[in-house]
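Novice:
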Amino acid sequence: MRAHVKAYDSANPEGAAARARLRREREYAAGGSGYTDRDLQKLRFRLGDRCAYCDTPLGGRGHLDHMTPVAKGGRDDIDNVTYCCESCNQAKHAKTVEEYFAWRRARKLPLRAGL
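Counting in our numbering, the sequence shown runs from 5 upward without gaps.
(1) Taking C-alpha atoms, which residue in Y87, D81, M71 lies nearest to G63?
(2) List the residues that DSSP assigns as beta-bridge partners of V85.
(3) Pick from L44, A98, A106: whose alpha carbon is nearest that of V85?
(4) I'd like the span of the alpha helix (DSSP H) that includes A8, first residue to last.
(5) Can you tell me the Cα-Cα spacing of R65 and D41, whole angstroms?
(6) Could you check where the alpha helix (DSSP H) with K96 kicks off and where it finishes?
(7) So, using beta-carbon positions, are P61 and R50 closer together than 7 Å?
(8) Can you name, in chain order, every residue of its own chain whose Cβ lies under 6 Å from the Cβ of A20, other than the five neighbours on each side?
(9) Tell me the DSSP secondary structure of R111 in three-state form.
(10) First and last residue of the alpha helix (DSSP H) that includes D41?
(11) Excluding sequence positions up to five away, which residues of its chain have a Cβ less than 6 Å from the Cβ of P73?
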């Protein structure tokens, strides 16, 4: 999470709670079957515990990302989530995967092989 967001959340806990509530409501409204811890373990294994976008090793960490953002109609299910590094998660923000790949290519940033 970006430093300015953390600072804002610390100073404005009600605003942070409201933002979190709105996100949960969007995810619920998006539908989808959700996912289990086992689903997420399988996903991490398939990715080799590396970022889905830049191939950085995650070391058992990483961020869970909606490939098509919920705000853009993406569903909250296992077919629409992947693991990525913090840097990719923050840079991708509300972009679709296609938009994010185009953004990375324009900046000559590395992409995971096969993408």
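Backbone N, C-alpha and C fix where the C-beta goes; we use that ideal spot for every residue, glycine too.
Source: prediction; values computed, not measured.
Specialist: Answer, in terms of the structure:
(1) In the sequence shown, the residue the question calls residue 63 occupies position 59. Residue Y87 is the option with its Cα nearest to G63.
(2) One-based indexing of the sequence shown puts residue 85 at position 81. DSSP output for V85 lists H70 as bridge partner(s).
(3) Taking the sequence shown and counting its residues from 1, one reaches residue 85 at position 81. Of the candidates L44, A98, A106, the one whose C-alpha sits nearest the C-alpha of V85 is L44.
(4) Here residue 8 refers to the residue found at position 4 of the sequence shown. Strictly speaking, residue 8 in this sequence is His, with Ala absent from that position. That run of the alpha helix (DSSP H) goes 7-15.
(5) Locating residue 65 in the sequence shown gives position 61, counting from the first residue. Locating residue 41 in the sequence shown gives position 37, counting from the first residue. Near 14 Å, if we compare the C-alpha coordinates of D41 and R65.
(6) Taking the sequence shown and counting its residues from 1, one reaches residue 96 at position 92. Element bounds for K96: 90-96.
(7) To locate residue 61, count along the sequence shown from 1; it is residue 57. To locate residue 50, count along the sequence shown from 1; it is residue 46. Cβ atoms of P61 and R50: not closer than 7 Å.
(8) Locating residue 20 in the sequence shown gives position 16, where the first residue counts as 1. So the list reads D13, once near-sequence residues are dropped.
(9) One-based indexing of the sequence shown puts residue 111 at position 107. Three-state DSSP puts R111 in coil, outside helix and strand.
(10) As a position in the sequence shown, residue 41 is number 37, starting the count at 1. Looking at the DSSP string, the run of the alpha helix (DSSP H) that includes D41 is 41-50.
(11) As a position in the sequence shown, residue 73 is number 69, starting the count at 1. Answer for P73: A98, listed in chain order.
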